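> Structure in structure tokens, see below.
Number of protein chains: 2
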Amino acid sequence: MWIVRANMSDLSCKLKEVPEQYRTLGGRGLTSTIIYDEVDPQCHPLGPNNKLVFAPGMLTGTSAPTSARVSVGCKSPLTGGIKESNAGSAWAPNIAKMGIKALIIEGKADGYWTLHLSCADGKPVAKFVAADEYTGRCLFDVYPEVFKAFGEKVDVAGIGTSGEFGYPDSGIVFQDMKKRPTRYAGRGGVGAVMGSKGLKFIVLDAAGAPGVDIADEELFKTGAKKMRDALMQHDVTKPKGGLNTYGTCVLINVMNEAGGLPTRSFRSGRFEGAAKIAGEAIFETNKARMGKEIYNHNCSPGCIIRCSNTVYAKDGSEIASCVEYESDWSLGANCGIDDLDKIAKMVHLCNAYGLDTIEAGVTIGVAMDSGLLEFGDADGAIGLLEEMGKGTPLGRLLGMGAADVAKAFGNPRSPTVKGQAMPAYEPRAVKGIAVTYATTTMGADHTAGYTIAPEMLGVGGTSDPLKVEMAKADLSLAFQKTTALIDSSGHCLFIAFAILDIASGFDGFIEEINGVLGTSMTGDEAVELGADILRRERAFNEKAGFTNADDRLPEFMAIEPLPPHNVVSELSDELLDSVYGQL
Amino acid sequence: MWIVRANMSDLSCKLKEVPEQYRTLGGRGLTSTIIYDEVDPQCHPLGPNNKLVFAPGMLTGTSAPTSARVSVGCKSPLTGGIKESNAGSAWAPNIAKMGIKALIIEGKADGYWTLHLSCADGKPVAKFVAADEYTGRCLFDVYPEVFKAFGEKVDVAGIGTSGEFGYPDSGIVFQDMKKRPTRYAGRGGVGAVMGSKGLKFIVLDAAGAPGVDIADEELFKTGAKKMRDALMQHDVTKPKGGLNTYGTCVLINVMNEAGGLPTRSFRSGRFEGAAKIAGEAIFETNKARMGKEIYNHNCSPGCIIRCSNTVYAKDGSEIASCVEYESDWSLGANCGIDDLDKIAKMVHLCNAYGLDTIEAGVTIGVAMDSGLLEFGDADGAIGLLEEMGKGTPLGRLLGMGAADVAKAFGNPRSPTVKGQAMPAYEPRAVKGIAVTYATTTMGADHTAGYTIAPEMLGVGGTSDPLKVEMAKADLSLAFQKTTALIDSSGHCLFIAFAILDIASGFDGFIEEINGVLGTSMTGDEAVELGADILRRERAFNEKAGFTNADDRLPEFMAIEPLPPHNVVSELSDELLDSVYGQL
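Residue numbers (this note's numbering), protein chains in the order written: chain G, 1 to 583; chain E, 1001 to 1583.
Here's what the structure looks like:
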């Protein structure tokens, strides 16, 4: 297995055998460790001293179900701290099968380049091809050209114009199952880091790839079967279950009912138009328009859950695939917009330009809250996304993200932590997720410690969402540690539903890991591996200048009661500081 | 003497006798202490929990020469840390004479208001008058209306549109000797804080004011005479001396010669057009256009130095008064512009809209460096200032200041520290001022520890500007401490030239203070008072989340050699951390 190091300054590429200390790491564990080991925490995120690391998970490229994820790590231009963002795509198992444990991008090129990686004699081979012709353009136009140039069997990762422009709101895109540019490692401006290096695409040709080494096939297969069974059995993840039927947008009605669906830039926890944009509405609208029930599809090979929807237009054409809960909310409820077709169009535009849908939607919400546009003005919002894609001065401003747009308009209502926009769970109404938003190393991020499971879904036990108690700190930390492990494994975070509720699922998860790596970790030891990753990320952030003062929710949430429960954020500094204090 | 507390939330005002612990403080010492005592360092700068404090210096309102300064303090929306910015104006001695030791603005009003302060029975009396009619307009149009409304003998402080818009680049203006809105507490976004509270103007009617108490008239007069004699004697400050003849722009040629005049957004230390925009050129151009030698005038009553120039147009009309060195540089050399009339026009526009000229010029320089405009495009730069004044989306972006514009354009060349734009001394070419920029509590600020005196001007000894040595840390700290004292005294910082070189001038300074306050401090003890102020400011910043990582120059200055000396910033973390480490 290899560490591939591409130096954009002289367009060279080096292979090195994976050193022993990285052997048992993967995904987020590996990207965060390499960033911690090699990047000066005080460097400029878009300067030559930042690095961009791609690492498939420990299990990625194996037959473990729902494990086709790749992590991207760097110092974030959005938060100024460490960043890991991951995506599911066929790109992920293929880089793993090529024997590449991590791909590290260094330096800074003139112009834009495609890094082409193929295999010869079981080893990765790199070449650089000029990519200037693809810049400044819509990714849906460019992607087919890249496949044409490099062959239909390749896998493509890249950036849109937002990454070229250096926006803190820019992701890295990976192909979906139909080779479209729609699967994003979206958060934290990873696209801008890739753009700053002069790297437009990474093309993989996995023909002849040796595949992933598995130390103990028997153990691995036992574990994978338990995982598969658990996923097939749990109501949320099974075929024609919650996610397969309604997609992640199944949460719209749930969160709205709970009064925790942030509406009109976090002015309410309930949106009167929720039912019109909910997962149920998408399913029923598709059924009416297409004349049949359409269940969701997979974002990547080997997924059982298959939660990706497609929103079809009246004429049967696709508007966007997929519209996730977060995007549906950020560009919908959060902007007071209840027109599903227009929300889907906005998702398409974000994909076309390489924007993170969460950051983009929250940014537009803040712009509306600041008076630039009326809430509910879907066409106006579409216009703002076009500005962002073109890089006009207004687009540049919006591309900075929600925190900076609030700053530009002198608006103290900035729903962000560490400069990153909050996702679709109102922290005033869900106290555990508030702790996660405030304390995670990533900036406001629901995926970093998804306490929503017990607080809203009755998964992994139950916890009263409105109750302020020190136990919320423990709950969040437990989720943050386990998440760091899942993000390292290559599994989609959605396996959490099954492994939280089904003991054999969790056992299987640990057996998969031990089987691949040849280790003999207990469950607790594996979770401790997650804790180690958090410690490293936290240490990076501290050296970058973060303190406990950065682990806070915005002040306006402590002042302004949120309807319908009329709650403010009441988390004490003591509670918040206890999360990493006890790590 | 009174602490006046205006609550904008209910438009009420309260008087309180000055508490003992504030009695011997003034100016920056008092604003920073009140902010430290009363403001949550983690509050939002534009939220209801920030406060805005005005405090005249200890000596302001007395006959001490060149002492008519007022400090403004708050948590800064530009840096996120504590901020003190001061200005010279007739407003300053009059608030002091009214017995107001500090005016504290709290809360948040609906709409915009004028706070009118007058005297009855020797006590301040406050009323609030609606000011919405003055908003959204050019200050040069509005100021005469305010004087008309409140009487020609009042003094007026206020904000321009930039403060209404909440720009981090917005100052608070005070009248000059011709009642024009041109004397600014410019830095750090203090205007936005005033705007966020709904306060547009503060009008003083000092008729019947009791005047400033002086504990020991004899001692005070002895000190003031020594100070006066020193100022009259020193080449820099005496009548028809350097500042009175050429103004602060006398530094253009000096810094250019030394290779330390930041040119084209800090790409060089030398500007080929320097001679055309230097103080000497202003003097000669005025002479040619007006047919006589014109020496400079005073910004405020009782000033001996009289360093404020006027730039006259060919037809004899005024383009701007005054064009300071910092403005001349930021909007001139820093933007590659050598047209003095257009630079003066830009200064006029900054005054009209309430913008800090340093932040505005560095911001335009960064925009040019990022490709928005060509270097040298004076008309384009004027257009950008108009956008800022009008609050267009582009103007909003530019109003955020240089650091954020660099971020919006993905440009790692951001010449800022703690988010505040660097002034007119290239830190790579002048190592002592680099230490001050990096470490002062204020963000990049030459006035916080003006080591330029020994490094460039041979004042207060000499220090090789290009030599990297630990002694630069001591030099900067010594200047920072003394500056905190001068900023508290109400004296203009330019007395430093005379008190550094003339021992009796320094003695006089201390005697003035002891005379007014009835204290018996030695010089060392007085400087220790300055050190105390720094400690308080630093402690506030630490609670706000600042660490040593914030005491750094931008990375690009460590990478990119600066012509003509081809030097990079070579200040070690150890050197920088020793400054406040030893405090």
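Note that CB positions come from ideal geometry on N, CA and C, so glycine has one too.
Only a predicted model underlies this, so the values are computations on that prediction, with no experimental measurement involved.
(1) Indicate, with yes or no, if the ligand MN has a heavy atom lying under 6 Å from the CB of E:Glu-1326.
(2) Could you tell me which chain G residues have their CB closer than 7 Å to the CB of E:Pro-1585, listed as they occur along the chain?
(3) Verify whether the separation of the beta carbon atoms of G:Arg-187 and G:Phe-174 is less than 7 Å.
(4) I need the straight-line Cα distance from G:Ile-172 to E:Gly-1191, nearest angstrom please.
(5) Mind checking G:Glu-537: buried by the 16 CB within 10 Å criterion, or exposed?
(6) Quick test of the definition: if touching needs 3 or more C-beta pairs under 8 Å, does the stretch 1199 to 1210 of chain E touch the stretch 1115 to 1124 of chain E?
(7) Which residues in the same chain as E:Phe-1409 place their Cβ atom closer than 8 Å to its Cβ, once the five residues preceding and following it in sequence are excluded?
(8) Could you compute how far the alpha carbon of E:Glu-1164 sits from the alpha carbon of E:Gly-1195?
(9) Between which two residues does the alpha helix (DSSP H) harbouring G:Arg-536 extend?
(10) Indicate the three-state DSSP secondary structure (helix, strand or coil) for G:Arg-183 in the structure shown.
(11) Could you please give the first and the last residue of the uninterrupted beta strand (DSSP E) stretch that includes G:Asp-155?
(12) Does G:Leu-394 come within less than 7 Å of chain E when only Cβ atoms are used?
(13) Hey, would you say E:Ala-1448 sits closer than 7 Å to E:Asp-1551, going by beta carbons?
(14) For chain G, is any of its Cβ atoms less than 7 Å away from the one on E:Met-1290?
(15) Rounded to a whole number of angstroms, what is the C-alpha to C-alpha distance between G:Thr-33 and G:Ile-159?
(16) Alpha carbon to alpha carbon, how far is E:Thr-1066 from E:Cys-1492? Give it in angstroms, no decimals.
(17) Looking at the strands, I want to know which residues DSSP matches up with E:Pro-1124.
(18) Near G:Ala-207, which residues of its chain fall below 6 Å by C-beta distance, leaving aside the five closest residues on each side in sequence?
(19) Nearest by alpha-carbon distance to E:Ala-1064: which of E:Arg-1228, E:His-1234 and E:Met-1422 is it?
(20) Check whether chain E comes within 7 Å of G:Thr-363, counting only Cβ atoms and requiring the distance to be less than that.
(21) Any beta-carbon of chain G closer than 7 Å to the one on E:Met-1540?
(22) Does E:Ile-1337 come out as helix, strand or coil in the three-state DSSP assignment?
(23) Using a beta-carbon distance below 7 Å, is E:Lys-1418 in contact with chain G?
(24) If distances are taken between C-alpha atoms only, which option among G:Ile-100, G:Lys-240 and G:Leu-562 comes closest to G:Asp-213?
(25) Among the candidates E:Gly-1508, E:Gly-1530, E:Lys-1221 and E:Ala-1531, whose CA atom is the shortest distance from the CA of E:Ala-1230?
(26) At 8 Å on the CB atoms, spell out the chain E contacts of G:Pro-555, in chain order.
(27) Could you give the DSSP three-state label for E:Leu-1052: helix, strand or coil?
(28) Determine the DSSP secondary structure at G:Thr-66, reduced to helix, strand or coil.
(29) Would you kindly work out how many angstroms separate the C-alpha atoms of G:Leu-575 and G:Met-470, rounded to a whole number?
(30) Considering only C-alpha positions, which residue in the set E:Asp-1474, E:Val-1142 and E:Met-1400 is nearest to E:Gly-1166?
(31) Going by DSSP, what residue range makes up the beta strand (DSSP E) through G:Glu-318?
(32) With a cut-off of 8 Å, do at least 3 Cβ pairs link the stretch 121 to 128 of chain G to the stretch 143 to 152 of chain G?
(33) Please say whether E:Cys-1249 and E:Ile-1282 have beta carbons closer to each other than 7 Å?
(34) Shorter than 7 Å from the beta carbon of G:Leu-397 to some beta carbon of chain E?
(35) Below 7 Å between beta carbons: does that hold for E:Gly-1107 and E:Pro-1048?
(36) In the DSSP assignment, what are the bridge partners of G:Glu-106?
Reading off the structure:
(1) By its list of ligands, the structure shown contains no ligand whatsoever, and the ligand MN lies outside what it can speak to.
(2) Only positions 1001 to 1583 of chain E appear in this structure, which leaves residue 1585 of chain E out of reach.
(3) No, the Cβ-Cβ distance between G:Arg-187 and G:Phe-174 is not below 7 Å.
(4) Rounded to whole angstroms, the separation of the alpha carbons of E:Gly-1191 and G:Ile-172 is 39 Å.
(5) By the 10 Å Cβ count, G:Glu-537 comes out buried.
(6) Short answer: they touch.
(7) Only Val-1366, Ala-1367, Ser-1370, Gly-1371 and Leu-1372 meet the Cβ criterion.
(8) About 5 Å.
(9) Element bounds for G:Arg-536: 523 to 544.
(10) In this structure, G:Arg-183 counts as strand in the three-state DSSP scheme.
(11) That run of the beta strand (DSSP E) goes 155 to 158.
(12) True, the Cβ-Cβ gap to chain E drops below 7 Å.
(13) E:Asp-1551 sits away from E:Ala-1448, with the two beta carbons spaced by 7 Å or more.
(14) Closer than 7 Å: no.
(15) Cα to Cα, the separation comes out at about 24 Å.
(16) One alpha carbon belongs to E:Cys-1492, the other to E:Thr-1066, and they sit about 6 Å apart.
(17) DSSP output for E:Pro-1124 lists E:Cys-1119 as bridge partner(s).
(18) There are no such residues.
(19) Nearest C-alpha to E:Ala-1064: E:Arg-1228.
(20) Not one chain E Cβ lies under 7 Å of G:Thr-363.
(21) Correcting the residue type first, residue 1540 of chain E is Phe in the shown sequence and not Met. The beta-carbon of E:Phe-1540 is placed no less than 7 Å from the nearest beta-carbon of chain G.
(22) In this structure, E:Ile-1337 counts as coil in the three-state DSSP scheme.
(23) Not one chain G Cβ lies under 7 Å of E:Lys-1418.
(24) Nearest of G:Ile-100, G:Lys-240 and G:Leu-562 to G:Asp-213, Cα basis: G:Ile-100.
(25) Of E:Gly-1508, E:Gly-1530, E:Lys-1221 and E:Ala-1531, the residue nearest in Cα terms is E:Gly-1508.
(26) Checking the sequence shown, residue 555 of chain G turns out to be Glu, not Pro. Within chain E, the residues Gln-1042, Cys-1043, His-1044, Gly-1047 and Asn-1049 have their CB atoms less than 8 Å from the CB of G:Glu-555, given in chain order.
(27) Collapsing the DSSP output to three states places E:Leu-1052 in a strand.
(28) Coil.
(29) Each residue's CA atom was taken as its position, placing G:Leu-575 and G:Met-470 some 6 Å apart.
(30) Of the listed residues, the one whose Cα sits closest to E:Gly-1166 is E:Met-1400.
(31) Residues 318 to 320.
(32) With a cut-off of 8 Å, the stretch 143 to 152 of chain G and the stretch 121 to 128 of chain G do not count as touching, because too few Cβ pairs lie within range.
(33) The Cβ-Cβ distance between E:Ile-1282 and E:Cys-1249 falls below 7 Å.
(34) So, interface residue.
(35) For E:Gly-1107 and E:Pro-1048, yes; Cβs fall inside 7 Å.
(36) The partner list for G:Glu-106 (beta bridge, DSSP) reads G:Asn-7.
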